[in-house]
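Participant: Per the working numbering, residue 90 is the first one in the sequence shown, and the count goes up by one each step. Where a beta carbon is used, it is the ideal one built from N, C-alpha and C, also for glycine.
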Amino acid sequence: MEYIRITRDNIDAEHVCCAMSDKQALAKKEWLKRRFDEGLIFYRSVERGKCFIEYIPAENAWVPIQADGYLYIDCLWVAGSMKGHGYSNDLLRGCVRDAKEQGRKGLCILSAEGRKREFLSDAKYLAHKGFMVADTSSCGIMLMYLPFGSDTEPPQFKECAKYPGGW
90 MEYIRITRDN
100 IDAEHVCCAM
110 SDKQALAKKE
120 WLKRRFDEGL
130 IFYRSVERGK
140 CFIEYIPAEN
150 AWVPIQADGY
160 LYIDCLWVAG
170 SMKGHGYSND
180 LLRGCVRDAK
190 EQGRKGLCIL
200 SAEGRKREFL
210 SDAKYLAHKG
220 FMVADTSSCG
230 IMLMYLPFGS
240 DTEPPQFKEC
250 AKYPGGW
């Protein structure tokens, strides 16, 4: 599979893979453009809307986590028809390479088990790739991480995310 890196220079001409209306896609592109300066990386397959990954230094992540020194994966998506061909592995391998080149402690990503949260990455796949649960919110969302060192401190949810609504 071939992958395209979406950048500020090509984003206006490229599809950004999300299943959204034209208006929503334009808003997503504007959001992505602002994030490139914060270190956002976005790769997608040459096949539109089929598989992609986007990640950013965790210090700039939009989610309430404490994960300094990690790369945070915003989204890792492979469409049903593309599953089982190793494309997730390709994308994840590239993310690991980038994180190591940047001197990062590891990767982190949100996940959950069950069909009600299919918008999050699959916990079983991530565990198979070596990710571990670092923290879990009271509503069942897991912060998973892949450390690059044995003494790497795991990331964690900020208190507002661990117990949303003050529970």
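Quick check on the DSSP output: the alpha helix (DSSP H) that includes Phe125 runs from which residue to which?
Facilitator: That run of the alpha helix (DSSP H) goes 111 to 125.
Participant: If you follow the beta strand (DSSP E) that Ala201 is in, where does it begin and where does it stop?
Facilitator: 195 to 201
Participant: For Ile154 and Lys251, what's the separation of their Cα atoms in angstroms?
Facilitator: 9 Å
Participant: Does Arg97 come out as helix, strand or coil in the three-state DSSP assignment?
Facilitator: coil
Participant: Note down, one range per segment and in chain order, each alpha helix (DSSP H) of at least 4 residues found wholly within the segment 167 to 248.
Facilitator: Listed in chain order, they are 176 to 190, 212 to 217.
Participant: Based on the DSSP output, what are the partners of Glu143 in its beta bridges?
Facilitator: Phe131, Cys164
Participant: Starting from Tyr92, follow its DSSP beta bridges and name the residues at the other end.
Facilitator: Ser134
Participant: Taking the CB atoms as reference points, tell me whether Glu127 and Lys194 lie closer together than 9 Å.
Facilitator: no
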